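Here the structure is laid out as structure tokens; the discussion comes afterwards.
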Amino acid sequence: MLLYIVGMLQHSLQLIKELLFPQICAGCGAWFSPLCPYCYNTLSFHILPKTFRLSDNSKMIVWSMLEFDDKVRTLIHRLKYQGMHETAPLLADLLYFATYIPPIDIIVPVPLHQNRQHQRGYNQSELLANRLTHHLQTPTIPALLKIADSGQQAKTHSKTERLQNLIGNFVLAPEYQASISGKRILILDDVLTTGATLTACGEVLLRANPSEILGLTIAH
610 MLLYIVGMLQ
620 HSLQLIKELL
630 FPQICAGCGA
640 WFSPLCPYCY
650 NTLSFHILPK
660 TFRLSDNSKM
670 IVWSMLEFDD
680 KVRTLIHRLK
690 YQGMHETAPL
700 LADLLYFATY
710 IPPIDIIVPV
720 PLHQNRQHQR
730 GYNQSELLAN
740 RLTHHLQTPT
750 IPALLKIADS
760 GQQAKTHSKT
770 ERLQNLIGNF
780 VLAPEYQASI
790 SGKRILILDD
800 VLTTGATLTA
810 CGEVLLRANP
820 SEILGLTIAH
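Shown next, in the form of structure tokens:
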């Protein structure tokens, strides 16, 4: 009886979710989720990587897959705020098949603060990383923790402001320090704006003496 009630509640919640967030294409609104074939074929791919310099004077090269247009914005918004998990495999599969990914040893997703992750129920960067691990056979480890909530980075504009906003927010999980040492690390996030978040994460990972730090995002 209890299992029946739980099943009915889950079904009801799914119906409510579909009413609030209908399964339509993020580009044109057609009844095809997350992206119809036409809009899929009109995605604008971002080719040239960006380079950021870390405090030890090393370079962190960051690749971004897509231009951050309206349909990509909608896809990422659905993944982050509307619980549409099916968006993560699509985007991660695109990362694998359509983006240059250099040889790496470990994937580290950009973490969320525990309060924000509790509210959302998941970390979108971790979903993407786990799917990418499936393709690359490269482990994903939660080597970074976010111990302070910096709020919405979109409210700040310059990289300097964003970095200032992130000071002290990230720490290295001590149990993974040995795993990072001497390895090529790929930091994975959803969107690259100024590079402040990836730079802040890279600075923390430097303390574990990796051989190289690289970055990868869905969009820029």
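Per the numbering used here, the sequence shown starts with residue 610, numbered consecutively. Each residue gets a CB set at the ideal place from its N, CA and C atoms; glycine is no exception. Model, not experiment: these values are computed from the prediction.
DSSP-derived helix/strand/coil call for Thr696:
Against the sequence shown, residue 696 aligns to sequence position 87. DSSP places Thr696 in helix when its eight states are reduced to three.
Closest to Ser767 by C-alpha separation, out of Thr803, Pro748, Arg682, Pro751, would be which residue?
By one-based count along the sequence shown, residue 767 stands at place 158. When only C-alpha atoms are compared, the closest one is Thr803.
Buried or exposed: where does Asp799 fall if 16 or more other Cβ atoms within 10 Å of its Cβ makes it buried?
As a working note, residue 799 is residue 190 in the sequence shown. By the beta-carbon neighbour count (other beta carbons within 10 angstroms, threshold 16), Asp799 is buried.
Helix, strand or coil, according to DSSP, for Ile822 in the structure here?
Position 213 of the sequence shown, counted from the start, is the residue given in the question as residue 822. The answer is strand: DSSP assigns Ile822 an E or B state.
Which value, in whole angstroms, describes the spacing of the CA atoms of Val581 and Leu775?
Limits of the chain in this structure are 610 at one end and 829 at the other, which puts residue 581 out of reach.
Can you check whether the CB of Leu688 is closer than 7 Å to the CB of Ala701?
Working through the sequence shown from its first residue, we reach residue 701 at position 92. Working through the sequence shown from its first residue, we reach residue 688 at position 79. Their beta carbons are not under 7 Å apart, which means Ala701 does not touch Leu688 by this criterion.
Neighbourhood of Ala832 by C-beta distance below 8 Å, restricted to the same chain and skipping five residues each side
Any property of residue 832 remains undetermined from this structure, which presents the chain solely from 610 to 829.
CB-CB under 7 Å to Arg816, same chain, minus the five flanking residues each way: which ones, in chain order?
On the sequence shown, position 207 is the one that residue 816 refers to. Excluding residues within five positions, the ones whose Cβ falls inside 7 Å are Leu781.
How about Ile827 and Gly811: are their beta carbons less than 7 Å apart?
Working through the sequence shown from its first residue, we reach residue 827 at position 218. Working through the sequence shown from its first residue, we reach residue 811 at position 202. Going by C-beta atoms, Ile827 is not nearer than 7 Å to Gly811.
Looking at the secondary structure, which residues open and close the beta strand (DSSP E) in which Lys659 lies?
Stepping through the sequence shown from its first residue, residue 659 is reached at position 50. It spans 659-662 - the beta strand (DSSP E) in which Lys659 sits, taken as one unbroken run.
Selected residue, minimal CA-CA separation from Ala757, among Glu676, Pro720, His686, Asp679
Here the question's residue 757 lines up with position 148 in the sequence shown. Comparing Cα positions, the closest option is Pro720.
I think Asn739 touches Thr747, with their Cβ atoms under 8 Å apart; what is that distance to the nearest whole Å?
Numbered from 1 along the sequence shown, position 130 holds the residue referred to as residue 739. Numbered from 1 along the sequence shown, position 138 holds the residue referred to as residue 747. That pair is no contact at about 11 Å.
Could you please give me the residues that DSSP links to Ala828 through a beta bridge?
By one-based count along the sequence shown, residue 828 stands at place 219. Leu675, Val800, per the DSSP bridge assignment.
Whose C-beta lies closer than 7 Å to the C-beta of Leu622 among residues of the same chain, with five residues either side of it excluded?
As a first step, residue 622 is located in the sequence shown; it is residue number 13 there, counting from the start. With a pLDDT of 44 at Leu622, under the threshold of 50, the predicted position of this residue should be treated as unreliable, though the coordinate-derived value follows. So the list is empty, once near-sequence residues are dropped.
Once DSSP output is grouped into helix, strand and coil, what is the label at Phe654?
By one-based count along the sequence shown, residue 654 stands at place 45. Three-state result, Phe654: strand.
Run through the DSSP bridge pairs and tell me what Lys668 is partnered with.
Counted from its first residue, the sequence shown places residue 668 at position 59. Note: Lys668 sits in a beta bridge opposite Arg662.
For Pro819, I'd like the list of residues in its chain whose CB is within less than 8 Å of its CB, leaving aside the five on either flank, ordered along the chain.
Position 210 of the sequence shown, counted from the first residue, corresponds to residue 819. If we look at Pro819 and ignore the five residues flanking it on each side, its Cβ neighbours are Ile789, Ser790, Gly791, Lys792, Arg793, Ile794.
Identify the continuous alpha helix (DSSP H) that holds Ile633 and give its terminal residues.
For this step, residue 633 is matched to residue 24 along the sequence shown. Boundaries for Ile633: no alpha helix (DSSP H) harbours it, and the DSSP string shows neither H nor E there.
Beta-carbon proximity of Pro643 to Leu699, cut-off 7 Å
Indexing the sequence shown from 1 puts residue 643 at position 34. Indexing the sequence shown from 1 puts residue 699 at position 90. Yes, the pair counts as a contact, with Cβ atoms nearer than the cut-off.
Relative to the alpha-carbon of Glu676, which residue among Lys668, Ile685, Met669, Ile670 has its alpha-carbon at the smallest distance?
Taking the first residue of the sequence shown as 1, we reach residue 676 at position 67. Closest option to Glu676, Cα to Cα, is Ile685.
Tell me which same chain residues have a C-beta within less than 7 Å of the C-beta of Pro711, skipping the five on either side of it?
On the sequence shown, position 102 is the one that residue 711 refers to. Leaving aside the five residues that flank Pro711 on each side, the residues in its chain whose CB is nearer than 7 Å to its CB run, in chain order, Leu823.
State the Cα-Cα distance for the pair His722 and Ala809, rounded to the nearest angstrom.
Within the sequence shown, residue 722 is the residue found at index 113, counting from 1. Within the sequence shown, residue 809 is the residue found at index 200, counting from 1. For His722 and Ala809, the distance between alpha carbons rounds to 15 Å.
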